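Scroll down for the structure; my scribbles are underneath it.
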Amino acid sequence: MDSSLPILSLAAGAVAATAAVAPKVKARIDLSRAKHRSLTGHSRMSRRVARLIPFYEFDIDDFFRSDGAPGEIATKRQDSFFALAALYRERFAKGREMTAEAAEHISDLQFTRAYRVPFQYSRLVRENLGVGAFVQSSSGVNVTDIDGNVFYDLTGSYGVNIFGNDFYKDCIETGEKRAHALGPVLGSYHPVVAENVRRLCEISGLDEVSFHMSGTEAVMQAVRLARYHTGRTHLVRFAGAYHGWWGDVQPGVGNPVSPHETYTLAEMSERTLHVLRTRRDIACVLVNPLQALHPNSNAPGDSSLVDSSRSAHFDRAAYSEWLKKLREVCDQRGIVLIFDEVFVGFRLAPGGAQEYFGVKADMVTYGKSLAGGLPIGVVCGRKELMRRFRDERPADICFARGTFNSHPYVMTAMDEFLSRLASPNFRSVYNGLDDIWNGRARELNEMLGAADLPVRVDNLSSIWTVGYTTPSRYNWMLQYYLRAEGIALSWVGTGRLIFSLNYNDADFAEVAKRFVSAAAKMKQDGWWWPAPGLTNKAIRRQILKEMLASKFGR
Ligand SMILES: Cc1ncc(COP(=O)(O)O)c(C=O)c1O
483 MDSSLPILSL AAGAVAATAA VAPKVKARID LSRAKHRSLT GHSRMSRRVA RLIPFYEFDI
543 DDFFRSDGAP GEIATKRQDS FFALAALYRE RFAKGREMTA EAAEHISDLQ FTRAYRVPFQ
603 YSRLVRENLG VGAFVQSSSG VNVTDIDGNV FYDLTGSYGV NIFGNDFYKD CIETGEKRAH
663 ALGPVLGSYH PVVAENVRRL CEISGLDEVS FHMSGTEAVM QAVRLARYHT GRTHLVRFAG
723 AYHGWWGDVQ PGVGNPVSPH ETYTLAEMSE RTLHVLRTRR DIACVLVNPL QALHPNSNAP
783 GDSSLVDSSR SAHFDRAAYS EWLKKLREVC DQRGIVLIFD EVFVGFRLAP GGAQEYFGVK
843 ADMVTYGKSL AGGLPIGVVC GRKELMRRFR DERPADICFA RGTFNSHPYV MTAMDEFLSR
903 LASPNFRSVY NGLDDIWNGR ARELNEMLGA ADLPVRVDNL SSIWTVGYTT PSRYNWMLQY
963 YLRAEGIALS WVGTGRLIFS LNYNDADFAE VAKRFVSAAA KMKQDGWWWP APGLTNKAIR
1023 RQILKEMLAS KFGR
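FYI, the numbering for the sequence shown is 483 to 1036, going by the numbering used here.
And the structure:
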């Protein structure tokens, strides 16, 4: 008997098995290579790392010299901190008291109060620079808090406020009158729905529409439909991109469980295109065009402003090119390309990001501003993708309903919004929009430069973010100086400033003046003391040391 035969067949078997497994291994490696190398690109890892971060905080001594500042600078900071605290106590007395009481029972408020600054500083800041959550009125570009303080509104109402609060008041008031005869009758449609659908199809260039109550729901439905029609399981989202708080689009920190059918890949990456070209399990690619301002980075909140490495830069041509490449690969592979325009839709151009970047999507989600200030989420899509049932298999449906979808009051307010948008007179608001906002950003940067302040802004049209040019652990203090100057910011602080388009040159000049004044005071108070040789890397190393010391008690 030839004893080499079994060995030969074993070897042949091993080769065959390797050949069968090799493509899978390669696909797996390609997938890993297409992840962004930062933690935002590694959802599971980021959650693991987040769990390892121990809580510690600075006591009153270390709080003011965590960058190793000498005593005289620390004292200057401390004095200015408590002077600011006294001003806050006096100026925001009623709002602070009401907020402290309300926070006992409003979970969201507890969260936003805790996450305004890096956690090491949070308690002392919360106790002394607490911000009131209650406002009583709005007018023009201003909001007034319950203590009667008037602020320039840079919160943008999470992006809803594109045309100014008065515009939305008008849409809601007129819409309410038109809906009144029907009232809150749900299930059947107010006649205005037909007109809204017609306009949305025209704006999106797509065939069908479905109405939901939030952007999160709209994204859920778009992805569900893409899975249903392609018969594939996975969605691709890009590192750092926000698409609402549904688990499948939020696989990293913030979601206690891992979705198994989400790939988080690097944006503007050839390796990502390769994955899209080669895998067979991808149903859709979700794009949030807001990421064009900071591809692959999370939304920039001040609670993660531990050093000065936050950066942003918008390159319209490069992002348009990227979207074109995505469009091509999605066409080749039958992948559904979804633009999530919940944030940027109607802000950049009347036809949204599709028009602004010159690329068509298969489905588009809208929200925020679209219902004239009332809650909304909308999916627009190609006919064959929007269908929720199959003629040939009647029990195989893609279910989506919602009690409040197509609510008459929302629909009439939406019609008010869309009919204003359709008027050529109104549309002139978009003329030269980027030139205006780029010019204003340039102007503010020049003022900051001339005053020798280590602060600069970057922008995607009227959406701005603040960056810091020299390494510091205290950049997050700027939000408190800005509020003291009468500038209202959302809870993410200087991470995102959102202007409404009714800011005229005089309003902007006033904001710019106050902004520079806030930064100048902060500099004068020693917060940007230039620690010799300090780098962002050294700051991060120092933080790691602090964490280890806190964890291991050294
Ligand atoms: C791009 C994008 N998609 C989805 C959402 C979720 O919308 P909503 O908060 O209405 O659920 C947001 C909210 O900020 C968003 O910016």
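All C-beta atoms, glycine included, are put in the ideal place defined by N, C-alpha and C.
Nothing here was measured: the structure is a model prediction, and the numbers come from that model.
Between the alpha carbons of R706 and K850 lies a distance of about 21 Å. Rounded to whole angstroms, the gap between the alpha carbons of V937 and W1010 is 10 Å.
The criterion of a C-beta distance shorter than 8 Å is satisfied by P857 and M695.
Taking 3 residues as the shortest admissible run, the segment 784-840 contains the following complete beta strand (DSSP E) segments, listed from N- to C-terminal end: 818-822.
Sorting V767, F1034 and E1028 by C-alpha distance to the C-alpha of D549 places E1028 at the top. Within the segment 962-1027, no beta strand (DSSP E) run of at least 3 residues lies entirely inside it. The DSSP-derived three-state label of A877 is coil.
With a threshold of 16 other beta carbon atoms within 10 Å, I1021 meets it and is buried. Within the model, the alpha-carbon separation for Y745 versus A509 is close to 13 Å. Inside the segment 618-694, DSSP marks whole alpha helix (DSSP H) runs of 4 or more residues at positions 647-662 and 674-686, from first to last along the chain. The continuous alpha helix (DSSP H) containing D544 extends over residues I542 to F545. Annotated as proximal: F645 and S982, with beta-carbon spacing under 8 Å.
Separation of A988 and V623 (C-alpha to C-alpha, rounded to the nearest whole angstrom) is 11 Å. The beta carbon of D635 sits no closer than 7 Å to any heavy atom of ligand 1.
Every alpha helix (DSSP H) stretch that sits fully inside the segment 529-578 and reaches 4 residues is listed by chain position as 542-545 and 553-573.
Distance from the CA atom of Y538 to the CA atom of G921, rounded to whole angstroms, is 43 Å. Straight-line spacing of the CA atoms in Q618 and K576 works out to 12 Å. At a cut-off of 4 residues, the continuous stretches assigned as alpha helix (DSSP H) that sit fully inside the segment 915-948 are 915-932. Leaving aside the five residues that flank Q1024 on each side, none in its chain has a CB nearer than 7 Å to its CB. Straight-line measurement puts the Cα of G726 at about 9 Å from the Cα of V824. The count of Cβ pairs closer than 8 Å, one atom from the segment 818-833 and one from the segment 702-720, reaches three, so the stretches are in contact. Between N678 and the set L606, S692 and Y912, the nearest pair of CA atoms involves S692. When C-alpha distances from L688 are compared across Q1006, V846, L747 and D730, the shortest belongs to V846. Those residues whose C-beta sits under 5 Å from the nearest heavy atom of ligand 1 are, from N- to C-terminal order along the chain, S696, G697, T698, H725, G726, N770, D822, V824, F825 and G849. When Cβ pairs closer than 8 Å are counted between the two stretches, the segment 746-753 is seen to touch the segment 769-785, the count reaching three or more. In the same chain as R965, and ignoring 5 residues on each side of it, the C-beta atoms closer than 7 Å to its own belong to V613 and L971, in chain order.
Membership of A765 in the beta strand (DSSP E) is indicated by the continuous run I764 to V769.
Short of 7 Å from the beta carbon of T594, and not among the five residues preceding or following it, lie these beta carbons of its own chain, in chain order: W973. The Cβ atoms of E690 and L717 do not sit closer than 8 Å to each other.
According to DSSP, R719 shares a beta bridge with T746.
Where V892 is concerned, the enclosing alpha helix (DSSP H) starts and stops at P890 to A904.
T754 and R598 have their C-alpha atoms some 34 Å from each other. In the displayed model, Y950 falls within a strand according to three-state DSSP. Counting along the chain, the unbroken beta strand (DSSP E) around G849 starts and ends at M845 to G849.
Contact holds between the segment 883-897 and the segment 667-675, because three or more Cβ pairs, one in each stretch, are under 8 Å apart. Contact check for V948 against L979 passes: the beta carbons are separated by less than 8 Å.
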